[in-house]
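Counting in my numbering, the sequence shown runs from 18 upward without gaps. Here a beta-carbon is modelled for each residue, glycine too, at the ideal position from N, C-alpha and C.
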Amino acid sequence: MTAIAAELTPRARTWSSFRRNPLGMASAVVLLLMLLVAIFAPLIAPFPEGYGADTSQPPSAAHWFGTDDIGQDVFAQVVWGTRVSMAVGVSASVLAIVIGLLIGVSAAYFRRLDTPLGVLVDLSLSLPVLPLMILVAALAGPSVRTLAVVIALFSWPEVARVVRSQALAIVPMPFVSAAKVVGGSSLWIVRKHLLPGVVPVVGVSVVLTTSRAVLSEAGLSFLGLGDPNSWSWGTILHKAQQSGALASAWWTTLFPSLAILLLVLSTTLLSVAYNDARNHRSDT
18 MTAIAAELTP
28 RARTWSSFRR
38 NPLGMASAVV
48 LLLMLLVAIF
58 APLIAPFPEG
68 YGADTSQPPS
78 AAHWFGTDDI
88 GQDVFAQVVW
98 GTRVSMAVGV
108 SASVLAIVIG
118 LLIGVSAAYF
128 RRLDTPLGVL
138 VDLSLSLPVL
148 PLMILVAALA
158 GPSVRTLAVV
168 IALFSWPEVA
178 RVVRSQALAI
188 VPMPFVSAAK
198 VVGGSSLWIV
208 RKHLLPGVVP
218 VVGVSVVLTT
228 SRAVLSEAGL
238 SFLGLGDPNS
248 WSWGTILHKA
258 QQSGALASAW
268 WTTLFPSLAI
278 LLLVLSTTLL
288 SVAYNDARNH
298 RSDT
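Shown next as structure tokens:
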């Protein structure tokens with residue numbers, strides 16, 4: 018390690034290590050492009066609705082991803098599906114992170130809460146998630162907001178366990194004990210010492226939880242539990258299955274499936290690259 022690298026702050030060393038990872042940088046670019054597609058969907062393609070004259074057409078210059086059985090452009094469906102899938106994934110991830118962060122930090126710092134909260138987390142992790150997701154989503158009614166809340170409610174336990182593990186290593190530190198001695202309140206200590214200490218782990222959890230949330234949304238929408246008035250990648254697959262296009266029009270399922278695969282692969286590679294950079298493995 019050079020003298021200059023030794024003088025860098027931990028954040029600067031993490032960024033320096035991360036940007037030397039081509040897979041991590043490529044994954045970040047892919048996710049950024051998907052985010053831009055979601056934001057600027059109205060400028061990229063018109064909202065797919067109604068009926069078209071060109072039904073079940075394969076990919077061509079006129080329709081890059083082909084058309085479905087009622088003549089709607091699959092490219093437009095994938096573009097607008099990016100907006101809904103990303104919105105559900107990010108919303109569910111943020112909500113799950115908030116719940117998991119509060120429970121994980123509380124269990125680590127307030128020792129009397131550790132056992133009951135640990136039992137709650139273990140019980141939540143032992144539940145059959147997919148059947149319960151289907152049941153709750155079916156009872157609550159199909160909507161984008163319902164999907165985000167349902168996915169978040171079944172995603173926070175993993176976040177809480179990771180955060181608790183990281184926070185338990187911080188609580189015995191001398192600076193935490195010193196803060197208690199000088200009269201620092203529990204809320205102040207948690208805000209000033211514990212939360213900054215678990216932020217790196219939360220950063221990885223955000224990416225992975227978003228990926229799992231998108232997969233969960235696609236699965237629920239494929240089963241017909243998504244919002245019928247909006248497009249998502251799972252909704253595209255559901256409508257292709259309902260129309261019988263799974264076997265006769267491969268393009269109607271290939272492109273949304275590739276979008277899901279690309280997002281999951283990118284988030285996984287990004288989280289691995291970030292974790293390696295945070296641990297500075299390349300500098301050892």
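By a beta-carbon distance limit of 8 Å, Ala124 does not contact Leu118. Their separation comes to about 11 Å. Comparing alpha carbon positions, the residue from Pro273, Ser247 and Leu271 closest to Ala104 is Ser247. Under the three-state reduction of DSSP output, Thr226 falls in the helix class.
Beta-carbon to beta-carbon, Asp90 and Thr269 are separated by about 11 Å, too far to satisfy the 8 Å threshold.
By DSSP's assignment, Thr84 forms a beta bridge with Asp90. With respect to the 8 Å criterion, Gly251 and Gly261 are not classified as neighbours on the basis of their beta carbons.
Within the stretch 145 to 174, the runs of alpha helix (DSSP H) that reach at least 4 residues and sit entirely inside it are, in chain order, 146 to 157 and 161 to 170.
The residues Ser249, Gly251, Thr252 and His255, in chain order, have a CB closer than 7 Å to that of Ser238 in the same chain once the five nearest residues on each side in sequence are set aside. As the crow flies, the alpha-carbon of Pro65 is around 6 Å from that of Ala93. Taking a C-beta distance under 8 Å as the contact criterion, Ile114 and Val223 qualify as a contact pair.
One alpha carbon belongs to Gly220, the other to Gly200, and they sit about 30 Å apart.
By the CB criterion at 8 Å, Leu242 and Ser288 fall outside the cutoff. Residue environment: Ile56 is assigned as exposed (fewer than 16 neighbouring CB atoms within 10 Å of its CB, all protein chains considered). Every candidate beta strand (DSSP E) stretch fails here, since none sits fully inside the stretch 91 to 136 while reaching 3 residues. With a minimum length of 4 residues, the unbroken runs of alpha helix (DSSP H) contained wholly in the stretch 35 to 68 fall at 39 to 56 and 58 to 61. Per DSSP, reduced to three states, the secondary structure at Leu242 is coil, with no helix or strand assignment. In the DSSP assignment, Ser288 falls within the unbroken alpha helix (DSSP H) covering Trp268 to Arg295. The beta carbons of Ser110 and Thr284 sit no closer together than 8 Å. Take Leu286, set aside five residues on each side of it, and the residues of its chain with a beta-carbon closer than 8 Å to its own are Leu40, Gly41, Ala43 and Ser44, in chain order.
Counting the other CB atoms within 10 Å of its CB gives Val207 a total of 16 or more, which places it among the buried residues. Counting of Cβ neighbours within 10 angstroms places Ile87 among the exposed residues, the total staying below 16.
Remark: C-beta atoms of Leu211 and Val122 approach each other more closely than 8 Å. Apart from the 5 residues on each side of it in sequence, Tyr68 sits with its Cβ closer than 6 Å to the Cβ of Ile87 and Gly88 in its chain, given in chain order. Counting along the chain, the unbroken alpha helix (DSSP H) around Leu204 starts and ends at Ser203 to Ile206.
Shown here, Gln259 sits in a helix according to DSSP, grouped into three states.
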